[in-house]
Amino acid sequence: MSTKVTLPIYMDYASTTPVDPRVAKKISDHLTLDGNFGNPASRSHKFGWKAEESVEEARSHVANLVGCDPREIVWTSGATEADNLAIKGIANFYQSKGKHIITSKIEHKAVLDPCRQLERDGFEVTYLEPNEGGLITDEAILNAIREDTILISIMHINNELGTINDLESIGKIAREKGIFFHVDAAQSTGKVPIDLTTLPVDLMSFSAHKTYGPKGVGALFVRRKPRVRIEAQIHGGGHERGMRSGTLATHQIVGMGEAFRIAKEEMDRDIKKVQSLHNKFYDSVSKIEEIYVNGDMNNKVSNILNISFAYVEGESLIMALKDIAVSSGSACTSASLEPSYVLRALGRKDELASSSIRFSFGRFTTEEDVDYTLSLINHAVDRLRELSPLWEMYLDGVDLDTVEWQTH
Amino acid sequence: MAYSRKVIDKFEKTLNEPEKFNVGRFDPKEANVGTGMVGAPACGDVMKLQIKCESKGNTHVIKDVKFKTYGCGSAIASSSEIVDMLIGKTLEEAREIKNVEIAEALELPPIKIHCSVLAEDSIRQAIDDFEQKQ
Chain Z
30 MSTKVTLPIY
40 MDYASTTPVD
50 PRVAKKISDH
60 LTLDGNFGNP
70 ASRSHKFGWK
80 AEESVEEARS
90 HVANLVGCDP
100 REIVWTSGAT
110 EADNLAIKGI
120 ANFYQSKGKH
130 IITSKIEHKA
140 VLDPCRQLER
150 DGFEVTYLEP
160 NEGGLITDEA
170 ILNAIREDTI
180 LISIMHINNE
190 LGTINDLESI
200 GKIAREKGIF
210 FHVDAAQSTG
220 KVPIDLTTLP
230 VDLMSFSAHK
240 TYGPKGVGAL
250 FVRRKPRVRI
260 EAQIHGGGHE
270 RGMRSGTLAT
280 HQIVGMGEAF
290 RIAKEEMDRD
300 IKKVQSLHNK
310 FYDSVSKIEE
320 IYVNGDMNNK
330 VSNILNISFA
340 YVEGESLIMA
350 LKDIAVSSGS
360 ACTSASLEPS
370 YVLRALGRKD
380 ELASSSIRFS
390 FGRFTTEEDV
400 DYTLSLINHA
410 VDRLRELSPL
420 WEMYLDGVDL
430 DTVEWQTH
Chain X
369 MAYSRKVIDK
379 FEKTLNEPEK
389 FNVGRFDPKE
399 ANVGTGMVGA
409 PACGDVMKLQ
419 IKCESKGNTH
429 VIKDVKFKTY
439 GCGSAIASSS
449 EIVDMLIGKT
459 LEEAREIKNV
469 EIAEALELPP
479 IKIHCSVLAE
489 DSIRQAIDDF
499 EQKQ
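Heads up: the protein sequence lines correspond to chains Z and X, in order. FYI, the numbering for the first sequence is 30 to 437, going by our numbering. FYI, the numbering for the second sequence is 369 to 502, going by our numbering.
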């Protein structure tokens, strides 16, 4: 095995990314007395003006990456807050028009939980089933639309599968029906081009830390033309044109701005690099018997690869791969023993869902990292299958579906 | 995952030296073999335990054990842990083994206690299977 790798190897870029050193530099320039530490809301002195200038420059970088007007960007504490602000903000503002919301079963909890909260407040929510490839179809959307539907919230790239929904198509339906369309794009920035000048999307959530920026900062795109109004969820000073109060976290905001500026500049290179790592990884891992890729291979990003290793339980595989940082399901749900709700929604049997591992690569992943990971996977899967009574039964030709299991 | 050092050790040793740690199978049709299989793939763990016995006076003694387990690290460690508890015991003594002993030996976290319960069940089933054959 190669000795060039540093252990453990980080293969969990979809949960978070390391901050790019250029971003870290920018952040540290905005903290101390000799730096740009002022309050961007201070109007009476240069410290405030300079901080405001930095914040506005960062806003332009974010807008530039996704093709919108900087005035359409509202800073938040992250994609979770952006999702909350979009969903509750629309629901609260437009509830006199209707109280029905459409979303999907495979959204991130940052969308599902605000929807659940709105249900408690008297709204009705339809949770769409994805197709078996993990995509939300136009048909599913059309069938769910009602007279009183005010909002459709569908993610762009699924965090567990990497599958990419067709925003153009869903957005067109939403426009025709006069329904607002919110998109959680936490996994998208720097991975696929986004152009909001043409994309029929009304609100879009972004996160800094999935794109080599710092944790604790994100943004919500709120379209100006045609105008979208939202009710603020946090009050106290009327910052961000009243949509999100609170002193702006200058250092985090400039970090996000710099991260998104780099993402724009280096997207082609990042995508090409990750694609080649993905292909190398997939070519090798697909030689293992009885593995299944979760999510439509033809409609997904290259930085995420979700694989079920049949007859091997996911948690034991993660333990056997102790030198590789991966996750089973999403990091937010890994603490529970339940198999991933996303994989279940695809119709995967529980045992395949609980044997799944998400590998995600990024800007700092090397070929050596991938080689080393592959050799460990091969070894671990072999060993765990040798230990697995299910594998033994499979080799003996026993159909596991016909066995009467003693459930507990 | 808040696993104890003991679970991790047992898991890794079993994984790296399967033969030494009694991973494998006996022919279930043999008269002196008892097989127990508990759990379900949908629940995330299946344990298969086999005992090979020898008569001694008016009872039987467990001479050898083989197992295979599909499940999380502590399920695998729990199955591996009971091997040492079983060998040399009479069937009566083996029946007395309680899940608490396994859980304590491995310092299982509360969320993983069910693994030790499953391991205890597998012992009972293997003994029942053996006794039915006699």
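Cβ atoms here follow ideal geometry from the backbone N, Cα and C, with glycine treated the same way.
9 Å Cβ cutoff met for residue i and residue j
i         : j         : result
Gln262(Z) : Arg270(Z) : no
Lys397(X) : Lys420(X) : no
Gly96(Z)  : Ile174(Z) : no
Ile320(Z) : Ala339(Z) : yes
Gly343(Z) : Ile406(Z) : no
His280(Z) : Pro255(Z) : no
Val314(Z) : Leu403(Z) : yes
Ser198(Z) : Ala108(Z) : no
Leu228(Z) : Asn328(Z) : no
Ala278(Z) : Ser89(Z)  : no
Ala462(X) : Ile495(X) : yes
Val355(Z) : Lys134(Z) : no
Tyr401(Z) : Ile38(Z)  : yes
Leu232(Z) : Ala115(Z) : yes
Ser331(Z) : Gln304(Z) : yes
Residue i, DSSP secondary structure in three states
i         : result
Gly247(Z) : strand
Ile419(X) : strand
Asn188(Z) : coil
Lys434(X) : strand
Ser359(Z) : The predicted position of Ser359(Z) is uncertain, since its pLDDT is 42 and thus under 50; a value taken from the coordinates is nonetheless stated next. Residue state, collapsed to three classes: coil.
Ala471(X) : helix
Thr35(Z)  : coil
Ile242(Z) : According to the sequence as given, residue 242(Z) is Gly; it is not Ile. Coil at Gly242(Z), not helix or strand.
Arg270(Z) : helix
Ser315(Z) : coil
Tyr321(Z) : strand
Val221(Z) : coil
Ile183(Z) : coil
His428(X) : strand
Met405(X) : strand
Lys55(Z)  : helix
Phe210(Z) : strand
Arg492(X) : helix
His307(Z) : helix
Cβ neighbour criterion (16 or more within 10 Å) applied to residue i
i         : result
Val438(Z) : Only positions 30 to 437 of chain Z appear in the structure, and residue 438(Z) is not among them; the question remains open.
Asp398(Z) : buried
Ile181(Z) : buried
Gly207(Z) : exposed
Asp414(Z) : Residue identity differs from the one stated: residue 414(Z) is Arg in this sequence, not Asp. The residue in question, Arg414(Z), is buried, as its Cβ has 16 or more Cβ neighbours within 10 Å.
Phe393(Z) : exposed
Gln493(X) : buried
Thr431(Z) : exposed
Ser125(Z) : exposed
Asn412(Z) : A small fix is needed here, since residue 412(Z) is Arg in this sequence, not Asn. With 16 or more other Cβ atoms within 10 Å, it is buried.
Ala399(X) : exposed
Asp299(Z) : buried
Pro50(Z)  : exposed
Thr437(X) : buried
Pro478(X) : exposed
Close Cβ partners of residue i (< 8 Å) along its chain, the five nearest in sequence each way excluded
i         : result
Lys424(X) : Thr458
Glu101(Z) : Ala92, Leu225, Phe250, Val251, Arg252, Arg253
Ala408(X) : Val414
Check: residue i C-beta below 8 Å from any heavy atom of the ligand SAH
i         : result
Ala288(Z) : Among the components of this structure there are no ligands whatsoever, and the ligand SAH is therefore not found.
C-beta neighbour in chain A for residue i, strict 9 Å
i         : result
Lys416(X) : Protein chains Z and X are contained in the structure displayed, whereas chain A is not.
Cβ shell of residue i (< 7 Å), same chain only, five flanking positions each side left out
i         : result
Val103(Z) : Ala248, Leu249, Val251, Glu269, Met272, Arg273
Asp497(X) : Gly402, Thr403, Gly404
Asp325(Z) : Gly162, Gly163, Leu164, Thr192
Phe394(X) : Val401, Gln418, Lys420, Lys434
Lys79(Z)  : Asn65, Gly67
Own chain, CB closer than 6 Å to residue i, minus 5 neighbours either side, in chain order
i         : result
Trp434(Z) : none
Lys374(X) : Leu474, Glu475
Ile482(X) : Note on residue identity: the sequence assigns His, not Ile, to residue 482(X). Cβ within range, chain order: n/a, list empty.
Gly200(Z) : Phe210, Pro229, Val230
(request) Decide if the segment 62 to 81 of chain Z is in contact with the segment 192 to 206 of chain Z; the criterion is three or more beta carbon pairs, one per stretch, under 8 Å apart. (result) No, they do not touch.
(message) I want to know whether the segment 233 to 250 of chain Z touches the segment 39 to 48 of chain Z - three or more CB-CB distances under 8 Å.
(response) yes
(request) Give a yes or no on contact between the segment 369 to 380 of chain Z and the segment 302 to 316 of chain Z, applying the rule of three or more CB pairs nearer than 8 Å. (result) no
(message) Assess contact between the segment 284 to 300 of chain Z and the segment 129 to 143 of chain Z, defined as three or more Cβ pairs (one per stretch) separated by less than 8 Å. Is contact present?
(response) no
(message) Using a Cβ distance threshold of 8 Å, determine whether the segment 177 to 187 of chain Z contacts the segment 206 to 216 of chain Z, with at least three qualifying pairs required.
(response) Between the segment 177 to 187 of chain Z and the segment 206 to 216 of chain Z, the count of Cβ pairs shorter than 8 Å is three or higher; the stretches touch.
(request) Would you check if the segment 117 to 126 of chain Z and the segment 158 to 172 of chain Z touch, i.e. whether three or more CB-CB distances between them fall below 8 Å? (result) no
(request) Indicate whether the contact test is met: 3 or more Cβ pairs, each with one atom in the segment 291 to 303 of chain Z and one in the segment 141 to 156 of chain Z, closer than 8 Å. (result) Taking 8 Å as the limit for Cβ pairs, the verdict is that the segment 141 to 156 of chain Z does not touch the segment 291 to 303 of chain Z.
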